[in-house]
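Visitor:
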Ligand code: AMP
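Numbering (our numbering), first residue to last: 41 to 575.
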């Protein structure tokens, strides 16, 4: 027997409609490209989105067409998010840190009809435009400018917006229609498109908003870019709940972030560990402390123990560790401050906080061995982490075969352990785990231990071929002052098993990062592949 309740599609246009009625006076604060701070209400911002929708119709964009953005976290970008999706087109956020060949590939693969671009990124368009098969309209997100870049089909956002009427009604879309598209760049092959539906986007926002337990008065500052998995869904989540949204623009250094956090009373911060490292260093150097922060949400890479401690001890702030990926919209697990956790002695709690936490309802998790047999939740077995759920991928955009197995499980490419209470810990990327004499060493754990050393600013551990043990770890560090291997080794031997200690420690000036800020270990493995064979 079926239930009798209304089959009401959950869609972004309905969310906009709701926010226009009930969250219209929520504030959106935004750092503009000239470093000025602008403030606008959700109501005014969404009425500008209505003009964006008409603008797109005038450019011949139809429901289901893709519309690109290459922009920072700012209020125009927010307007475009909802103008595009509200009129039924697909919002394709593009990561400006991709290589030009990757940009060309994804712009052609997505077949964007229009691309909205912040002025910072116009040179990127100039460099690739002649290779774009679709000749998209390029809309510079700002006032009219004289540019010498020779870009074709160039239009100016502010001018167009002023001369366009708002659309009367948002489009009535099916909840299974596509809403947004993000490409994920692996280390090999072309980037792959993850095409979110209205339903997956809305279910994810409901779940994330609920799980993160923002206070009614929370003001949320996503440093995670709106071009990377929709800033972890934050524009949707805050709109759903009427929270103040603080958008940091292009200024992601410690000083600029601190200014915004304190002037705008931010209470929830969201970003990758590298950003918080910059902020914490700035605060330390200037003898400052954060006030009134409810939580700092960290994901994208593992949050080091030292960071968890510093936020708590110096800034009285709880770091919520989250894990997910583009293919998961992105939120999979969160490690929230449960009553049980908060009753633990500090050091035990900090150690627990380094784990990636518990799945939200809507995310199923399991770990499996090489033969796809499910492994126990005993806190010891390590295996390939697989997931499934209503905001998790089924197949990549335009792919011929599914990305999941017959039962819908998606292999995340991560290696994890699950504890008896269900807490999940990422041990490594499957390709980064170090196999030493048949035993596994987690490069993430070693890095996390290393960054706690006072001289180390950033650490990267890679496995390289070894004549006796197949593979052994070497530690590459960016450090303050001279390298003191003995001191680092002594420090590490208190934190990890003796056989985990790196076979060598090398000081480097910089470490290579990919488009989403993750360490590019493939390059380093290649560079150092003979290092231990020669020694
Ligand atoms: P992306 O799709 O670019 O967001 O990258 C997703 C990948 O980032 C995951 O598969 C993990 O390998 C890694 N990742 C994300 N969050 C965490 C975390 N909290 N700890 C460790 N790795 C993480």
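No residue lacks a Cβ here, since even glycine has one placed at the ideal position from N, Cα and C.
In terms of alpha-carbon separation, which member of 296, 428, 483 lies closest to residue 3?
Guide: What the structure shows of the chain is the stretch from 41 to 575, and residue 3 is not part of that stretch, so it cannot be assessed.
Visitor: Please name the residue in 480, 307, 185, 486 whose C-alpha comes closest to that of residue 533.
Guide: For residue 533, the nearest C-alpha among the options comes from 486.
Visitor: Three or more C-beta pairs under 8 Å: does that hold for the region 500-518 against the region 473-492?
Guide: Result yes; three or more Cβ-Cβ pairs closer than 8 Å.
Visitor: Just to check, is the beta-carbon of residue 473 closer than 7 Å to a non-hydrogen atom of the ligand AMP?
Guide: Outside the cutoff, so no.
Visitor: Just list the residues that DSSP pairs residue 195 with in beta bridges.
Guide: The partner list for residue 195 (beta bridge, DSSP) reads 179.
Visitor: Rounded to the nearest angstrom, what separates residue 552 and residue 178 at their Cα positions?
Guide: Between residue 552 and residue 178, the C-alpha separation is close to 31 Å.
Visitor: Given a threshold of 16 other Cβ atoms within 10 Å of its Cβ, counted over all protein chains shown, does residue 483 qualify as buried or as exposed?
Guide: Answer is buried; the Cβ neighbour count reaches 16.
Visitor: Going along the chain, which residues of its own chain have a beta-carbon closer than 7 Å to the beta-carbon of residue 573, five neighbours each way excluded?
Guide: Only 505, 507 meet the Cβ criterion.
Visitor: Is the beta carbon of residue 243 sitting closer than 8 Å to the one on residue 502?
Guide: For residue 243 and residue 502, no; Cβs fall outside 8 Å.
Visitor: Compute the Euclidean distance between the alpha carbons of residue 535 and residue 360, then round it to the nearest angstrom.
Guide: One C-alpha to the other measures close to 22 Å.
Visitor: Check whether the Cβ atoms of residue 310 and residue 396 lie closer than 8 Å to each other.
Guide: Cβ distance not < 8 Å, so residue 310 and residue 396 don't count as in contact.
Visitor: Should residue 173 be listed as close to the ligand AMP, given that the test is whether its C-beta is under 7 Å from any heavy atom?
Guide: No, Cβ of residue 173 sits at least 7 Å from all heavy atoms of the ligand AMP.
Visitor: Short of 7 Å in beta carbon distance, which residues of its chain neighbour residue 55, apart from the five on each side in sequence? Order them along the chain.
Guide: For residue 55, where only same-chain residues beyond five positions count, the Cβ hits under 7 Å are 242, 276, 279, 280.
Visitor: Terminal residues of the continuous beta strand (DSSP E) containing residue 442?
Guide: It is not in any beta strand (DSSP E) - residue 442 carries neither H nor E in the DSSP assignment.
Visitor: Whole angstroms is fine: what's the gap from residue 449's alpha carbon to residue 423's?
Guide: When rounded, the distance between both Cα atoms is 14 Å.
Visitor: Going by DSSP, name the residue or residues bridged to residue 295.
Guide: Bridge partners of residue 295: none, in fact.
Visitor: Using the three-state DSSP reduction, which class does residue 113 fall into: helix, strand or coil?
Guide: Reduced to three states, the DSSP call for residue 113 is strand.
Visitor: Here's a check: name, in chain order, each residue in its chain whose Cβ is nearer than 6 Å to the Cβ of residue 545, leaving out the five neighbours to either side.
Guide: 515, 525, 528, listed in sequence order.
Visitor: Please list the segments of the alpha helix (DSSP H) lying wholly inside the region 323-396, counting only runs of 4 or more residues, in order along the chain.
Guide: Counting whole runs of 4 or more residues, the region 323-396 contains the alpha helix (DSSP H) stretches 345-355, 379-382, 386-393.
Visitor: How about residue 340 and residue 308: do their beta carbons lie closer than 8 Å?
Guide: It is not a contact, given that the beta carbons lie outside the stated cut-off.
Visitor: What's the call for residue 59, buried or exposed, on a 16-neighbour Cβ count within 10 Å?
Guide: The residue in question, residue 59, is buried, as its Cβ has 16 or more Cβ neighbours within 10 Å.
Visitor: Under a three-way DSSP split, which group does residue 433 fall into?
Guide: DSSP places residue 433 in coil when its eight states are reduced to three.
Visitor: What do you get for residue 362, buried or exposed, if any count of 16 or more other CB atoms within 10 angstroms of its CB means buried?
Guide: Its Cβ being crowded by 16 or more others within 10 Å, residue 362 is buried.
Visitor: Which of the three DSSP states is assigned to residue 634 in this structure?
Guide: Coverage of the chain is limited to positions 41 through 575, which leaves residue 634 absent and any answer about it impossible.
Visitor: Give me, in chain order, the residues of the same chain whose beta-carbon lies closer than 7 Å to that of residue 80; leave out the 5 immediate sequence neighbours on both sides.
Guide: Excluding sequence neighbours, residue 80 sits near 68, 115.
Visitor: Give the secondary structure of residue 137 by DSSP, where H, G and I count as helix, E and B as strand, and everything else as coil.
Guide: Coil, per DSSP.
Visitor: Between which two residues does the alpha helix (DSSP H) harbouring residue 485 extend?
Guide: Looking at the DSSP string, the run of the alpha helix (DSSP H) that includes residue 485 is 483-490.
Visitor: How do the region 142-152 and the region 562-573 stand: do at least 3 beta-carbon pairs fall below 8 Å, yes or no?
Guide: No, they do not touch.
Visitor: Helix, strand or coil: how does DSSP classify residue 463 here?
Guide: Three-state DSSP puts residue 463 in coil, outside helix and strand.
Visitor: Would you list the one or two residues that DSSP bridges to residue 513?
Guide: Residue 513 pairs with 503.
Visitor: Can you check which of these residues, 108, 218, 248, is closest to residue 435 by C-alpha distance?
Guide: Checked all of 108, 218, 248; the closest Cα to residue 435 is 218.
Visitor: Quick one, are the C-beta atoms of residue 125 and residue 220 less than 8 Å apart?
Guide: Yes, these two residues count as a Cβ contact at 8 Å.
Visitor: Look at the alpha carbon of residue 460 and the alpha carbon of residue 407, and state the distance between them as a whole number of angstroms.
Guide: For residue 460 and residue 407, the distance between alpha carbons rounds to 13 Å.
Visitor: How would you write the range of the beta strand (DSSP E) that residue 67 sits in, first residue to last?
Guide: Start and end: 67-71.
Visitor: DSSP three-state call for residue 45: helix, strand or coil?
Guide: Coil.
Visitor: When every heavy atom of the ligand AMP is checked, does at least one fall within less than 7 Å of the C-beta of residue 361?
Guide: It does: the Cβ of residue 361 is within 7 Å (strictly closer) of some heavy atom of the ligand AMP.
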